[in-house]
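Everything below concerns the one structure shown next.
There are 2 protein chains.
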Amino acid sequence: MKSFLSERAKNTGRSAIREVLKYTKRSEVISFAGGLPKPATFPREGLAESAAHQIRENYENSLQYGTTEGVEEFRKEMISWLSQFGLELELENIISTNSSQQAIDLVCKTFLNPGDLIFCGLPTYLGAVQAFSTYQAETVGVPLEKDGMNLEILEEKIKKSKSAGQNPKFIYVIPDFQNPAGVTLSEEKRVKIFDIAEEHDLLIIEDTPYFGVRFSGDFKKPIGTYDESGRVITLASLSKILSSGMRLAVTVGPSELLAELVTMKQSTDLCTSTTTQWIAADWLKNNNLSVHLNELRKHYKENRNVMLEEMDKSFPKDERISWTRPNGGLFIWVTLPEGIDAELVFKKGLESNVAFVPGHHFFVDGGGRNTMRLSYSLLTPERIREGIDRLGKVLEKELSPISQ
Amino acid sequence: MKSFLSERAKNTGRSAIREVLKYTKRSEVISFAGGLPKPATFPREGLAESAAHQIRENYENSLQYGTTEGVEEFRKEMISWLSQFGLELELENIISTNSSQQAIDLVCKTFLNPGDLIFCGLPTYLGAVQAFSTYQAETVGVPLEKDGMNLEILEEKIKKSKSAGQNPKFIYVIPDFQNPAGVTLSEEKRVKIFDIAEEHDLLIIEDTPYFGVRFSGDFKKPIGTYDESGRVITLASLSKILSSGMRLAVTVGPSELLAELVTMKQSTDLCTSTTTQWIAADWLKNNNLSVHLNELRKHYKENRNVMLEEMDKSFPKDERISWTRPNGGLFIWVTLPEGIDAELVFKKGLESNVAFVPGHHFFVDGGGRNTMRLSYSLLTPERIREGIDRLGKVLEKELSPISQ
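Chains A and B, in that order, give the protein sequences.
Numbering (our numbering) for the first sequence: 1 to 404.
Numbering (our numbering) for the second sequence: 1001 to 1404.
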């Protein structure tokens, strides 16, 4: 059978995290591993009403094929919502996709030749890296700092690759509450990363699924708002704020680039579900997404607070261990002392019925062996406390080898 | 901007039919051009109930991410329905996709290298050809006969390509009420096409969206039921029978091949909408799809009857013009006398406010200039009569140049 496979399929493995998650399914395991949102935070009652109404009354559209660009009513609602963040969009600047993952795939399909270079964070979202590798691109990691990517190193690496005769194509950046590291790109760096892309004639793929899950502080303007030359594509997903199951996202950017994505999407799946787009359009028309987000954030904020409080209490009092205190998103990122292998901590954790994702999975350069990603999204406060307590004990042992 | 594009994007154009459809939007035009199903044939009341119920009561699943393979309950319902046609499936033999178009794309992504050969009908479904060209494959056309592909020519072309050192990968076949030609592959040929694939070690992609839209005669067993060696992938879509807007299809085949598709789908979009899968699962559990199909067929059968009756009456009495009398599907295929250009007839038709798709668009070899595809799916009987009457007059003129 292997003889049938394309070169790209031979190069592509399944998500390592999927494999991690297999170990965490036993009910006695308290898992900080997954990154799933909590469905109870989604407006199920309103969505149920919108669904029944749209399928019953608007079946000529909601059960029929639609344009590849997406349902206009849905895109208009999204334009209206996104306008408060500085994005001034016409219909030609926005298309619907089956989640932002599909948008990443379409961007790759449209712009990448084998061997092209993509610059991304160290660490970064694994699903994007998988898509890049499917298109046989090379991924170059750039270390993250507290305010996002280190832009000096980014520029250095771009220059170096150019003088080596390589073909840099785009910068992939998750500007808000980055998965997995939780950091947010500062405004200064948003301006600067655009300037770098401009100078070196690169595209920027701005992927912002956690944009709406902010606990405090002001929203930061997407990099797309600084785009003067048509090189920034912004991916805005509804999977963390309205429903993951509906698989809805919009891709926003210059019409010339979107037109090319649409051509590719046409042969990929003709169109995104009109049923789910009409449900979302109906809900957005009859409800206030910003008000809903205020409710939704409460859950994640409480969970984050409980988790940080418990980590402060139960994790080893060792200055070589540190973790983020994110203002949004679903994750806390832990850095263990150099030389401690989080993969080993993971195995020990499983013995104590607690799980997380060892951070090295998110590093395209093989680094990050001493890092861990902890998600607070799905658990109850009680389970968070219990799980962090278990994990603290495991870390205590691993950090004090003599006491074992 | 063009400098950003991948080689595959440079090679890919938009659907020519889409361009045709642009001309047919004026309300005074009676259009036989599109191939859209009629949403009134979908069970909107039941789907609305299933949607409201699943979103309200099963939100933990229906609004959450799902596995890449698809929602088990949905796949089990499909296994149960497909079993009556001779397909004996386990869960590992079926995955969910966003329509069969996505399945075609995933098959290409998984199995095609640039330059690989695909064998398909002359004519064939344009959306598939677009996907093939996106993956830079070469498409080889094989003439259709009344009972499907000419298998002698198919085998000859396979052998010829092999001796030329080319790499044939799969045969793409639409076995039931083929789009656009309306022909159905005979049982004898189903057995034989499998034998050919077996002998030459090719895959078969069996795409059967019109399977459920049969007016008379017995269902023919899918080619997949003859698969003894794990080389047939069958695409069964719900877009013509339950809803086009939900974008749901299943891909059925040997588990080893499906596992590779799943790996590719993971980085393509993580999973198909769980919301729509749960709605469909709920509807399938509480309703009988076969009973529903009996209702649905009545509409298309009546339209087909009206159309054929009117064509018999209004089309030129010229033995050089012929058309199919399909037992199912949505299309009638017309062959005009040699030398008559259907593209010119199309232009003259527009002047008389009637439209169709010139058949050459469906030919990968540039042939079929004297063919036309007429769809009877969406119009009322009155509009069909009026449109065929207009088209008959146009043809009358075009076939008798002296009388002009």
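For each residue, glycine too, the CB sits at the ideal point set by N, CA and C.
Mapping DSSP to helix, strand and coil, what is residue i?
i          : result
Met1246(B) : coil
Tyr226(A)  : helix
Asp207(A)  : strand
Leu144(A)  : strand
Arg325(A)  : coil
Arg1320(B) : coil
Val1071(B) : coil
Ala137(A)  : coil
Arg1056(B) : helix
Gly1359(B) : helix
Gly1387(B) : helix
Ile340(A)  : coil
Arg1297(B) : helix
Gln404(A)  : Since pLDDT at Gln404(A) reaches only 44, below the 50 mark, its modelled position is unreliable, and the value read off the structure follows with that caveat. Here Gln404(A) sits in coil by DSSP.
Gly1115(B) : coil
Ser1031(B) : strand
Arg1026(B) : coil
Val364(A)  : coil
Arg1014(B) : coil
Val1183(B) : coil
Val1107(B) : helix
Val354(A)  : strand
Classify residue i: buried if its beta carbon has 16 or more other beta carbons within 10 angstroms, exposed otherwise.
i          : result
Ala1128(B) : buried
Gln1084(B) : exposed
Asp1312(B) : exposed
Glu1077(B) : buried
Glu1019(B) : exposed
Phe362(A)  : buried
Gln1404(B) : At Gln1404(B) the pLDDT is 44, less than 50, meaning the model places this residue with poor confidence and gives no usable figure here.
Ser377(A)  : buried
Phe1219(B) : exposed
Asn179(A)  : buried
Ala1164(B) : exposed
Gly405(A)  : There is no way to answer for residue 405(A), as the model of chain A reaches only from 1 to 404.
Arg1325(B) : exposed
Glu310(A)  : buried
Lys1146(B) : exposed
Gly1245(B) : buried
Asp1282(B) : buried
Lys1189(B) : buried
Among the options, which one has its Cα closest to the Cα of residue i?
i          : options                                        : result
Ser1314(B) : Lys1240(B), Arg1390(B), Ser1163(B), Asn1287(B) : Arg1390(B)
Leu1399(B) : Ile1321(B), Asn1150(B), Phe1211(B)             : Ile1321(B)
Ile340(A)  : Gly35(A), Asp318(A), Ser163(A)                 : Asp318(A)
Thr1068(B) : Glu1338(B), Ile1158(B), Thr1234(B), Cys1271(B) : Cys1271(B)
Lys162(A)  : Ala131(A), Leu202(A), Val142(A), Lys189(A)     : Leu202(A)
Asn113(A)  : Gly1230(B), Lys1010(B), Lys1240(B)             : Lys1010(B)
Asn1150(B) : Lys1192(B), Leu1374(B), Asp1282(B)             : Lys1192(B)
Ala181(A)  : Trp333(A), Cys120(A), Leu47(A)                 : Trp333(A)
Thr124(A)  : Phe74(A), Val232(A), Pro175(A), Ser6(A)        : Pro175(A)
Gly410(A)  : Ile17(A), Leu330(A), Ala33(A), Gly368(A)       : Chain A is shown only over 1 to 404; residue 410(A) falls outside these bounds and no answer can be derived.
Glu206(A)  : Leu36(A), Pro39(A), Val173(A), Tyr226(A)       : Val173(A)
Tyr1023(B) : Cys1120(B), Leu1005(B), Val1357(B)             : Val1357(B)
His1053(B) : Glu338(A), Gly13(A), Gly46(A), Asn58(A)        : Gly46(A)
Leu1063(B) : Asp116(A), Gly148(A), Leu261(A), Thr276(A)     : Thr276(A)
Gly1212(B) : Thr1041(B), Val1107(B), Arg1014(B), Glu1351(B) : Thr1041(B)
Gly121(A)  : Leu82(A), Ser80(A), Glu88(A), Ile171(A)        : Ile171(A)
Gly1141(B) : Thr1134(B), Asp1147(B), Tyr1135(B), Glu1156(B) : Glu1156(B)
Glu7(A)    : Lys1109(B), Thr1012(B), Ser1243(B), His1292(B) : Lys1109(B)
So what does residue i bridge to, in DSSP terms?
i          : result
Thr1371(B) : Thr1335(B)
Asn1098(B) : Leu1248(B)
Tyr1172(B) : Ile1205(B)
Ala1236(B) : Val1250(B)
Ala149(A)  : According to the sequence provided, residue 149(A) is Met. The question's Ala does not apply to it. DSSP, once it has assigned bridges, lists Leu144(A) as partnering Met149(A).
Arg231(A)  : According to DSSP, Arg231(A) bridges with nothing at all.
Leu122(A)  : Pro143(A)
Val1020(B) : The partner list for Val1020(B) (beta bridge, DSSP) is empty, contrary to what the question assumes.
Using a Cβ-based criterion (distance less than 7 angstroms to any ligand heavy atom), does residue i qualify as near the ligand HEM?
i          : result
Asn1150(B) : As presented, the structure is devoid of all ligands, the ligand HEM included, so that no description of it is given.
Could you give the uninterrupted runs of the beta strand (DSSP E) lying entirely in the segment 257-308 of chain A, keeping only those of 3 residues or more? none
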